[in-house]
Amino acid sequence: MLQSGLFSKISKEFPKDEESLNSRLLIRAGFVKKLSAGVYSFLPLGLRVLHKIVDVVKEEMNELGAEEMLMPSLVPKAAWERSNRWNVDVAYKLNSQFGGEFGLGWTHEEVVSDIAKNFIFSYQDLPKAVYQIQTKFRDEKRPKSGLLRGREFLMKDLYSFHADEADLNRYYNLVIGAYKKIFKRLNLEARVTEALGGAFTKEYTHEFQILSGAGEDTIIYCAKCDFSQNSEVVKARAGEKCPDCGNALKKSRAIEAANVFKLGTKYSDAFDLKFKDKSGNSKPVVMGSYGIGPSRIMGALVEIYHDESGIIWPEAVAPFQAHLINLSQKSKVKSQKLYQKLQKQNVEILYDDRDISPGQKFAESDLIGVPLRLVISEKTAGKVEVKQRNSDKIKLVTEKEVIKILSSGKG
RNA sequence: CGGAGCGUAGUAUAGUGGUAGUAUAUAUGCUUUGGGAGCAUAAGGUCCGAGUUCGAUUCUCGGCGCUCCGACCA
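The first sequence begins at 70 in my numbering and counts up one residue at a time.
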């Protein structure tokens, strides 16, 4: 991508009335644009990152054996009423001018249960799992913290169907494993945290919490083992001994990036979703639902990976693998050639071909936060300067070596 | 939903009851090229409505919007 062709531009000023770090950096660097409180456009640069996150999520869902599908955002009132969730605070309600009321989907247990009725009849049809990547709408009383709490946001929601609790438990643990892999790939340390189910279930659930002062949740956790509990559960307190290993428990703010719920038969009862077991008895399907928020994760990544001069994207989600910067007119042809060679190797590269001062190029490059920077100028004498975004070490290497580094680094 | 603050060019900011200023971004020209370059010229603005006033961007009221704290919530 030629930087001169980028749709967005970098602003020299931070946006006013934005205090959250992720929105300040993402808006200023041209990744997103706020339309309204909690409502964001993902600009080309930002969409690249969002897609990278989504791709990781999809790969792990597919690995689980779940199938991708897509459900509507426009959900008729009747569906919500069957589960008594029409009058929920977060529901956006709208009327058709020709009759009929709808709620914008903020979760899809209702829709998926209704669909499943058409395909699940027998124990032989179980288990099944489907997921979607979809825009969700929640009428938040107070959207805040940039991408961390929006009224419209992207979510991956997975729904599973089982013959009994035991099979649900088995799958629940598989999903936790898949989520762990996702966060590992995204370079995020997420703690599996015991929590309450809110509007979804009365049982305890698990949340994936990323330690960060920008988060809204407070968790009590153990630094030595995996123990972690949302403070809303109030079983453990900071300073007390960890029930699992005896170490002193700690308290921290955290960003809830994903959650898993054992729904049991709440929705299958409401929608009369049943199957025949081996003896011919009719039983309600046992369900689970599992969410993960790619747009929120994008915000969380910025909260965690940044410095005073900008964002530092982990390689797995960076909008580009490398940022090629040409510093002088005389080296422009050389830069252009390297850019073309790298493109032929399918390296995702952002090439700053603009005729502006070196200082501005460096400053903007730092802000965008691509992992690897390549600099060509008269001073590099035919070679290329290579520098990691998060390091000050500069290496001078040949073009061939650059191509080798970038081609081998791809997955 | 309770509380607080704020709305002035694309962005960020001054200021004023009487022709609205600066920076930056933009356009043009010249110069310049290793950490947000220089000079010149140009174009561009008071959130909406009502009230007070000879006159409101400024004061008053209402609306809309944004941010922050709290409650709530992925």
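For each residue, glycine too, the CB sits at the ideal point set by N, CA and C.
Note that this is a predicted model, so its numbers are computed, not measured.
In this structure the region 328-340 does not touch the region 307-315; the number of beta carbon pairs closer than 8 Å is below three. A straight-line Cα-Cα distance of about 43 Å links E136 and E468. Rounded to the nearest whole angstrom, the C-alpha separation of Y200 and E170 is 26 Å. Nearest in C-alpha terms to M224, of all of M367, I245, K320, L112, is M367.
Pairing S214 with A323 gives a Cβ-Cβ distance that is not under 8 Å. Within the same chain, and ignoring the five residues on either side of L255 in sequence, the residues whose Cβ sits closer than 8 Å to its Cβ are I122, V125, I366, L370, P383, A385, V386.
Out of N242, P363, G428, Q298, the CA that lies nearest to the CA of L216 is found in P363. With respect to D208, R218 sits apart: the two C-beta atoms are not nearer than 8 Å. Buried is the label assigned to L407, since at least 16 other Cβ atoms lie within 10 Å of its Cβ. Pairing I288 with R260 gives a Cβ-Cβ distance under 8 Å.
Around the CB of L104, fewer than 16 other CB atoms lie within 10 Å, so the residue is classed as exposed. Taking the Cβ atoms as the reference, Y161 lies roughly 18 Å from G168, outside the contact range of under 8 Å.
Boundaries of the alpha helix (DSSP H) harbouring P113: 113-133, taken from the DSSP string. The Cβ neighbour count for V118, taken over all protein chains shown within 10 Å, is at least 16; the residue is labelled buried. Apart from sequence neighbours up to five positions away, the residues of its chain that approach S281 with a beta-carbon distance below 7 Å are R322, A323, I324, A369, E372, I373, ordered along the chain. The residue among L237, L436, Q278, V355 with its C-alpha nearest the C-alpha of L257 is Q278. Bounds of the alpha helix (DSSP H) holding M367 are 363-373. Counting the other Cβ atoms within 10 Å of the Cβ of R458 gives 16 or more, which makes it buried. By the Cβ-count criterion, D435 is buried, with 16 or more other Cβ atoms from all chains shown falling within 10 Å of its own Cβ. Non-local beta-carbon contacts of M138 in its own chain, meaning distances under 7 Å to residues more than five positions away in sequence, involve V199, Q201 in chain order. Restricted to the region 173-229, the alpha helix (DSSP H) segments that are unbroken, complete and at least 4 residues in length are 178-185, listed in chain order. DSSP lists A317 as the beta-bridge partner residues of K310. F190 counts as exposed, since fewer than 16 other C-beta atoms from the protein chains shown sit within 10 angstroms of its C-beta. Annotation for K456: the continuous beta strand (DSSP E) segment containing it runs 453-457. For N91, there is no enclosing beta strand (DSSP E); the enclosing alpha helix (DSSP H) has its first and last residue at 90-97. Secondary structure note for I79: it is in no alpha helix (DSSP H), with a DSSP letter that is neither H nor E. Here the C-alpha atom of V471 lies approximately 48 Å from the C-alpha atom of N238. The Cβ-Cβ distance between F344 and S182 does not fall below 8 Å. Within the same chain, Cβ atoms closer than 6 Å to the Cβ of F252 are found at A259, the five residues on either side in sequence being excluded.
Collapsing the DSSP output to three states places R423 in coil. With 16 or more other Cβ atoms from the protein chains shown falling within 10 Å of its own Cβ, S337 counts as buried.
The beta carbons of V439 and K452 sit about 20 Å from each other, so the pair does not count as a contact at 8 Å. Beta-bridge partners assigned by DSSP to G360: D226, N328. The secondary-structure analysis by DSSP pairs K448 with nothing; it has no beta-bridge partner.
Distance from the CA of E377 to the CA of S297, rounded to the nearest whole angstrom, comes to 31 Å. Take F389, set aside five residues on each side of it, and the residues of its chain with a beta-carbon closer than 8 Å to its own are M70, R117, E417, I418, L419, V439, in chain order.
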